[in-house]
Amino acid sequence: MSNQAHTQIGPSDIQQLSVPFTCRSNPGKINITMYANTDSHHGCGLDLMFTSTPSNNFHSFPLFGWIQFIKVIPINGSGKGTAEWEMDLPPFAKDLGTPFCYWGYNPTAFDAPCILLEEEGLEEVVWRAQSFLCVMEDACLSKRVKVLKDTAFGWGFDIQSVQTTSGGVERKIELAPVEPLDLEKEWTARLALLRKEYPAWTFANEAIS
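Rendered as structure tokens:
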């Protein structure tokens, strides 16, 4: 496959650009179509760029973002310990001042949590996450965030130490159920942390739809 970009100019000054690429030996392609918007009743041609998304979804050009919290609860011989919720961000984003782990017009949340038990002095843990889909209604012109109704969920896993028949120890991982959250309760409980960590941002109390 050639990695050269090919530009075609079609009728009515429609421009199409196809850019093949590879990433980790896997092929991919970016397809772009661009032409002038002469209809003042449609905002910026977004309905043409994202044809699978209803045009009214682009009212005021909203951008979405996932905000995620995690809690790692240690377990030892005396029982389950305690832990506080904390922000969950990719390492590179921890000093960027953003509450979002993923954001965009159609953000996809992805997580592959990893715990180095021995380095952290842990034997068994209960790992939990809460994920909230939020919206910035003014295309990120401000730092005003609103959470969306019916979009929050909790998930996680447990790591247990299990004795083997030979006297050794194996790690057993059990997935916790993926469950919708009581949004009013859980979002309200997380607001104090959000406002402490991101004082320049505004987080609405109420969810919107």
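The opening position of the sequence shown corresponds to residue 35 in my numbering, with each subsequent residue numbered one higher.
By construction, the Cβ of each residue, glycine as well, lies at the ideal position given by its N, Cα and C atoms.
All figures in this text were calculated on a predicted structure; none of them were measured in a lab.
(message) Quick check on the DSSP output: the alpha helix (DSSP H) that includes residue 130 runs from which residue to which?
(response) It is not in any alpha helix (DSSP H) - residue 130 carries neither H nor E in the DSSP assignment.
(request) Identify which residue in 171, 214, 176, 180 has its Cα closest to the Cα of residue 234. (result) For the set 171, 214, 176, 180, the Cα lying nearest the Cα of residue 234 is the one of 176.
(request) Determine the DSSP secondary structure at residue 224, reduced to helix, strand or coil. (result) Here residue 224 carries a helix assignment [DSSP, helix/strand/coil].
(message) If the criterion is Cβ atoms closer than 7 Å, does the pair residue 171 and residue 96 meet it?
(response) Residue 171 places its beta carbon less than 7 Å from that of residue 96.
(message) Please tell me whether residue 180 and residue 238 are closer than 7 Å, where the distance is taken between their beta carbons.
(response) Going by C-beta atoms, residue 180 is nearer than 7 Å to residue 238.
(message) I need the straight-line Cα distance from residue 252 to residue 157, nearest angstrom please.
(response) Examination of residue 252 is not possible in this model, given that the chain is present from 35 through 243 alone.
(message) Bridge partners for residue 165 per DSSP, in chain order?
(response) According to DSSP, residue 165 bridges with 102, 187.
(message) Assuming residue 137 is part of the beta strand (DSSP E), what are its boundary residues?
(response) Following the DSSP letters along the chain, one finds residue 137 inside the beta strand (DSSP E) bounded by residues 136-138.
(message) Quick check on residue 219: does DSSP put it in helix, strand or coil?
(response) Residue state, collapsed to three classes: helix.
(message) Can you check which of these residues, 50, 129, 214, 58, is closest to residue 70 by C-alpha distance?
(response) The residue with the shortest Cα to Cα distance from residue 70 is 50.
(message) Please state whether the Cβ-Cβ distance between residue 215 and residue 187 is less than 7 Å.
(response) Cβ atoms of residue 215 and residue 187: closer than 7 Å.
(message) Quick check on DSSP: helix, strand or coil for residue 63?
(response) Reduced to three states, the DSSP call for residue 63 is strand.
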